[in-house]
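Enquirer: Have a look at the structure that comes next, please.
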Amino acid sequence: MEFQFDWQAAIDSIPYLLKGVPYTLLISFGGLAIGFALGIFFGLLSINKKWFLRWPATIYIEIFRGTPILVQVLFIFYGLPDLIGGPIDPLAAGIAAIALNSGAYISEVVRGGVQSIDKGQSEAGLSLGLSRPQTFWSIVWPQAFRRMIPPLGNQAIVSIKDTSLFSVIGVGELVRQGQVYIANTFTAFEVYFVVAIMYLCITLSLSLLLRFAERRGLAST
Amino acid sequence: MTDIVSMQRLNKYFGDLHVLKDIDLTVKPGEVVVIIGASGSGKSTLIRCVNGLEEYESGALTVDSEKLAPKGSSQKALATIRKEVGMVFQQFNLFPHLTVQKNIMLAPMKVKEVDKSAAAKTAMRLLDRVGIGSQADKYPSQLSGGQQQRVAIARALAMEPRLMLFDEPTSALDPEMIGEVLDVMRGLAKEGMTMMVVTHEMGFAREVADRVIYIHEGQIVEEGKPEDVFDNPQNERTQSFLSRVLKH
Numbered sequence: 157m158e159f160q161f162d163w164q165a166a167i168d169s170i171p172y173l174l175k176g177v178p179y180t181l182l183i184s185f186g187g188l189a190i191g192f193a194l195g196i197f198f199g200l201l202s203i204n205k206k207w208f209l210r211w212p213a214t215i216y217i218e219i220f221r222g223t224p225i226l227v228q229v230l231f232i233f234y235g236l237p238d239l240i241g242g243p244i245d246p247l248a249a250g251i252a253a254i255a256l257n258s259g260a261y262i263s264e265v266v267r268g269g270v271q272s273i274d275k276g277q278s279e280a281g282l283s284l285g286l287s288r289p290q291t292f293w294s295i296v297w298p299q300a301f302r303r304m305i306p307p308l309g310n311q312a313i314v315s316i317k318d319t320s321l322f323s324v325i326g327v328g329e330l331v332r333q334g335q336v337y338i339a340n341t342f343t344a345f346e347v348y349f350v351v352a353i354m355y356l357c358i359t360l361s362l363s364l365l366l367r368f369a370e371r372r373g374l375a376s377t
Numbered sequence: 128m129t130d131i132v133s134m135q136r137l138n139k140y141f142g143d144l145h146v147l148k149d150i151d152l153t154v155k156p157g158e159v160v161v162i163i164g165a166s167g168s169g170k171s172t173l174i175r176c177v178n179g180l181e182e183y184e185s186g187a188l189t190v191d192s193e194k195l196a197p198k199g200s201s202q203k204a205l206a207t208i209r210k211e212v213g214m215v216f217q218q219f220n221l222f223p224h225l226t227v228q229k230n231i232m233l234a235p236m237k238v239k240e241v242d243k244s245a246a247a248k249t250a251m252r253l254l255d256r257v258g259i260g261s262q263a264d265k266y267p268s269q270l271s272g273g274q275q276q277r278v279a280i281a282r283a284l285a286m287e288p289r290l291m292l293f294d295e296p297t298s299a300l301d302p303e304m305i306g307e308v309l310d311v312m313r314g315l316a317k318e319g320m321t322m323m324v325v326t327h328e329m330g331f332a333r334e335v336a337d338r339v340i341y342i343h344e345g346q347i348v349e350e351g352k353p354e355d356v357f358d359n360p361q362n363e364r365t366q367s368f369l370s371r372v373l374k375h
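Chains as they are written, first to last, in the numbering used here: chain B, 157 to 377; chain C, 128 to 375.
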């Protein structure tokens with residue numbers, strides 16, 4: 157029997173699969189937004205001189221970088237309800253997992269970015285009479301952030317793809333939609349092909365956007 | 128008049144390394160003090176203590192009537208001093224993400240809460256003074272080293288400091304650009320600015336300094352008027368240092 161790619165089946169699946177895209181985007185970017193905040197917070201803690209501020213950051217980063225995101229989301233969705241005594245919305249669990257996981261990686265990006273800025277920059281700020289926070293936020297951070305754009309973009313793409321794992325907790329994101337559709341039509345090849353293309357569309361547009369942002373950011377340094 | 132800077136038996140260590148040994152030094156308003164010495168002698172560390180970029184271990188330091196305590200001063204004391212003390216670095220340390228004009232406007236706006244248009248006006252006046260008014264909208268990386276260092280001087284002057292520290296301001300410059308930076312410094316000295324200058328430019332030291340200090344291995348071994356230090360050094364270490372740097 158010769159396999160034939162069924163174009164009609166692929167096209168027919170699109171409207172149903174598209175319903176998953178908003179969930180994929182919501183989990184990715186909702187999670188990344190919180191992850192960015194966590195990353196700034198823990199990233200800056202991790203370069204603090206005081207050990208009792210540095211340690212919590214290190215522990216957080218190592219735990220969430222050192223365990224699989226699949227385990228993390230299963231833990232949040234199936235494990236945490238035992239602790240808090242009530243069910244957790246799968247969408248919230250997905251966002252939380254992306255937030256905590258990307259936050260750990262972004263902490264490292266923030267740390268690297270800030271540490272890459274020459275010490276002379278803060279010395280110049282301080283010697284002009286700026287306070288430490290002023291020196292950091294108006295001199296060091298803007299320069300560090302520019303250097304962080306490429307690795308942040310990288311993390312965003314990783315996190316978008318990570319959301320595909322959340323089909324296991326039943327969030328109606330892209331992969332989950334695909335699985336449900338295939339269960340009725342048995343057109344796995346065509347449907348996963350379309351699913352892959354949809355991920356590519358999301359990640360490629362993000363790449364283009366980032367390249368644009370990078371070029372604009374770097375033009376002035 | 129009271130001294131702007133007064134150091135008494137100041138000692139500074141980097142770990143086990145004793146970098147400044149019992150430094151006694153005063154600077155009077157309007158004085159230009161040039162500090163010379165070999166690399167690693169502690170001369171940069173010495174002026175970095177004056178605005179608290181380096182902490183010291185023992186002794187006493189008063190800058191502009193404000194005491195800087197050993198082993199870390201209060202942020203308040205540091206803030207007070209740094210408002211009155213400008214610093215120019217070997218590597219310029221301009222802010223690469225800001226235009227030349229914004230480099231100069233930043234501190235007056237953040238620290239003195241000068242409004243934007245006044246800060247912009249001051250910046251332009253200072254840029255004209257150091258001879259690069261036409262470069263105001265460029266970014267530092269678009270300027271030559273000499274121009275960048277002149278911007279750095281203007282940036283420090285924008286805070287209207289009572290004392291200017293220069294940490295080898297021409298050491299990172301190509302030879303043809305050294306003159307333009309020294310000219311600006313010469314002008315400042317002529318206007319009565321109090322200056323502490325660490326430099327290897329002996330011609331400048333001889334011409335502009337009111338007092339020359341020679342540091343050897345963390346100690347002041349010779350101090351005096353430039354003509355005395357350069358033409359008739361008493362300490363044999365000064366003699367050998369000068370014979371090495373003045374020969375070529």
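Ideal Cβ placement from N, Cα and C applies to all residues, glycine included.
If you draw a straight line from the alpha carbon of Arg210 (chain B) to that of Gly179 (chain C), how long is it in whole angstroms?
Expert: Translated into positions along the first sequence, residue 210 (chain B) becomes position 54. Translated into positions along the second sequence, residue 179 (chain C) becomes position 52. Their Cα atoms are separated by approximately 25 Å.
Enquirer: Whose Cβ in chain C lies nearer than 7 Å to the Cβ of Leu286 (chain B)?
Expert: On the first sequence, position 130 is the one that residue 286 (chain B) refers to. Within 7 Å Cβ-Cβ: Ala234, Lys237, Val238.
Enquirer: Within the 9 Å Cβ cut-off, does Val212 (chain B) reach chain C?
Expert: On the first sequence, position 56 is the one that residue 212 (chain B) refers to. The sequence shown places Pro at residue 212 (chain B), rather than the Val named in the question. Output row for Pro212 (chain B): interface = no.
Enquirer: At the 9 Å Cβ level, is Phe216 (chain C) part of the contact set with chain B, yes or no?
Expert: The count along the second sequence starts at 1 and reaches residue 216 (chain C) at position 89. By this cut-off, Phe216 (chain C) is an interface position.
Enquirer: Answer yes or no: does any C-beta atom of chain B fall closer than 9 Å to that of Arg209 (chain C)?
Expert: Here residue 209 (chain C) refers to the residue found at position 82 when the second sequence is read from its first residue. True, the Cβ-Cβ gap to chain B drops below 9 Å.
Enquirer: Compare the C-beta of Arg364 (chain C) against all C-beta atoms of chain B and say whether one is closer than 9 Å.
Expert: Working through the second sequence from its first residue, we reach residue 364 (chain C) at position 237. No - not a single Cβ of chain B is within 9 Å of the one on Arg364 (chain C).
Enquirer: Expressed to the nearest angstrom, what Euclidean distance is found between the alpha-carbon atoms of Ile305 (chain C) and Gln346 (chain C)?
Expert: On the second sequence, position 178 is the one that residue 305 (chain C) refers to. On the second sequence, position 219 is the one that residue 346 (chain C) refers to. So the two alpha carbons sit approximately 28 Å from each other.
Enquirer: Just to confirm my understanding: we take Val324 (chain B), look at its own chain, exclude 5 residues before and 5 after, and list those with CB closer than 6 Å. What are they?
Expert: Mapped onto the first sequence, residue 324 (chain B) falls at position 168. Cβ within range, chain order: n/a, list empty.
Enquirer: DSSP state of Glu193 (chain C), grouped into three classes?
Expert: Here the question's residue 193 (chain C) lines up with position 66 in the second sequence. Note: Glu193 (chain C) maps to strand in three-state DSSP.
Enquirer: Using 9 Å as the threshold, is the C-beta distance between Val325 (chain C) and Glu295 (chain C) below it?
Expert: As a position in the second sequence, residue 325 (chain C) is number 198, starting the count at 1. As a position in the second sequence, residue 295 (chain C) is number 168, starting the count at 1. Against a cut-off of 9 Å, the Cβ pair of Glu295 (chain C) and Val325 (chain C) comes out as a contact.
Enquirer: How about Gln202 (chain C): is its C-beta nearer than 9 Å to some C-beta of chain B?
Expert: One-based indexing of the second sequence puts residue 202 (chain C) at position 75. Answer yes: the Cβ-Cβ gap between Gln202 (chain C) and chain B drops below 9 Å somewhere.
Enquirer: Give me the subset of the stretch 291-313 of chain B whose CB atoms are less than 8 Å from a CB atom of chain C, sorted by chain position.
Expert: Ser294, Ile295, Pro298, Gln299, Arg302
Enquirer: Could you pull the start and end residues of the beta strand (DSSP E) that Arg289 (chain C) belongs to?
Expert: Locating residue 289 (chain C) in the second sequence gives position 162, where the first residue counts as 1. That residue, Arg289 (chain C), is in no beta strand (DSSP E); it is neither H nor E in DSSP.
Enquirer: Anything in the stretch 169-186 of chain C with a Cβ closer than 9 Å to a Cβ of chain B? List those residues in chain order, please.
Expert: Arg175, Asn178, Gly179, Leu180
Enquirer: I'd like to check one pair, Gly176 (chain B) with Gly334 (chain B): are the Cβ atoms closer than 9 Å?
Expert: For the purposes of this step, residue 334 (chain B) is taken as the residue at position 178 of the first sequence. For the purposes of this step, residue 176 (chain B) is taken as the residue at position 20 of the first sequence. For Gly334 (chain B) and Gly176 (chain B), yes; Cβs fall inside 9 Å.
Enquirer: Grouping DSSP H, G and I as helix and E and B as strand, with all else coil, what is Gln164 (chain B)?
Expert: Locating residue 164 (chain B) in the first sequence gives position 8, counting from the first residue. Reduced to three states, the DSSP call for Gln164 (chain B) is helix.
Enquirer: Looking only at DSSP bridge pairs, what is Ile183 (chain B) linked to?
Expert: Within the first sequence, the letter at position 27 stands for residue 183 (chain B). Answer is none; Ile183 (chain B) lacks a bridge partner.
Enquirer: Give the range of the alpha helix (DSSP H) segment to which Tyr461 (chain B) is assigned.
Expert: Given that chain B is displayed from residue 157 to residue 377, the structure contains no residue 461 (chain B) and the question cannot be resolved.
Enquirer: How long is the line joining the alpha carbons of Val240 (chain C) and Gly259 (chain B), rounded to whole angstroms?
Expert: As a position in the second sequence, residue 240 (chain C) is number 113, starting the count at 1. As a position in the first sequence, residue 259 (chain B) is number 103, starting the count at 1. The question names Val, but residue 240 (chain C) in the sequence shown is Glu. Spanning the two alpha carbons is a distance of roughly 36 Å.
Enquirer: Given 8 Å as the limit, tell me if Gly242 (chain B) has its C-beta closer than that to any heavy atom belonging to the ligand SAH.
Expert: Looking for the ligand SAH in the displayed structure turns up nothing, as the structure carries no ligands at all.
Enquirer: Please report how far the alpha carbon of Thr377 (chain B) lies from the alpha carbon of His224 (chain C), in whole angstroms.
Expert: Residue 377 (chain B) sits at position 221 when you count from the first residue of the first sequence. Residue 224 (chain C) sits at position 97 when you count from the first residue of the second sequence. Low confidence applies to Thr377 (chain B): its pLDDT is 45, below 50, so where it sits in the model is not reliable, and the reading given next is rough at best. Straight-line Cα distance between these residues: approximately 5 Å.
Enquirer: Alpha carbons only, please: which of B:Ile254, B:Phe208, B:Ile240, B:Asp245 is nearest the one belonging to Gln227 (chain B)?
Expert: Residue 227 (chain B) sits at position 71 when you count from the first residue of the first sequence. Just to set this straight, residue 227 (chain B) is Val in the shown sequence, not Gln. The shortest C-alpha separation from Val227 (chain B) is found at B:Ile254.
Enquirer: Is the CB of Pro296 (chain C) under 9 Å away from at least one CB in chain B?
Expert: The sequence position of residue 296 (chain C) within the second sequence is 169, counting from 1. Judged by the 9 Å Cβ criterion, Pro296 (chain C) is not in contact with chain B.
Enquirer: Determine the chain C residues that contact Glu370 (chain B) at a beta-carbon separation under 7 Å, and present them in chain order.
Expert: As a first step, residue 370 (chain B) must be located in the first sequence, where it is residue number 214. Near Glu370 (chain B) there are no residues of chain C at all, since even the closest Cβ is about 14 Å away, more than 7 Å.
Enquirer: Closest to Gln366 (chain C) by CA distance: which of C:Ala165, C:Asp143, C:Val160, C:Phe141 is it?
Expert: For the purposes of this step, residue 366 (chain C) is taken as the residue at position 239 of the second sequence. That would be C:Ala165, whose Cα lies nearest to the Cα of Gln366 (chain C).
Enquirer: Using the three-state DSSP reduction, which class does Ile340 (chain C) fall into: helix, strand or coil?
Expert: To locate residue 340 (chain C), count along the second sequence from 1; it is residue 213. Three-state DSSP puts Ile340 (chain C) in a strand.
Enquirer: With H, G and I counted as helix, E and B as strand and the rest as coil, what does DSSP make of Phe141 (chain C)?
Expert: Here residue 141 (chain C) refers to the residue found at position 14 of the second sequence. Reduced to three states, the DSSP call for Phe141 (chain C) is strand.
Enquirer: Quick one, which of C:Thr153, C:Gly169, C:Ile150 has its alpha-carbon nearest Leu144 (chain C)'s?
Expert: The sequence position of residue 144 (chain C) within the second sequence is 17, counting from 1. Checked all of C:Thr153, C:Gly169, C:Ile150; the closest Cα to Leu144 (chain C) is C:Gly169.
Enquirer: So, under 8 Å CB-CB, Ala293 (chain C) and Met320 (chain C) are touching, yes? Tell me the CB distance rounded to an integer number of Å.
Expert: Counting from one through the second sequence, the residue named residue 293 (chain C) turns up at place 166. Counting from one through the second sequence, the residue named residue 320 (chain C) turns up at place 193. At residue 293 (chain C) the sequence reads Phe, which differs from the Ala that was named. 11 Å between Cβ atoms; not a contact.
Enquirer: Which residues, taken in chain order from the stretch 334-348 of chain C, show a beta carbon closer than 8 Å to some beta carbon of chain B?
Expert: none
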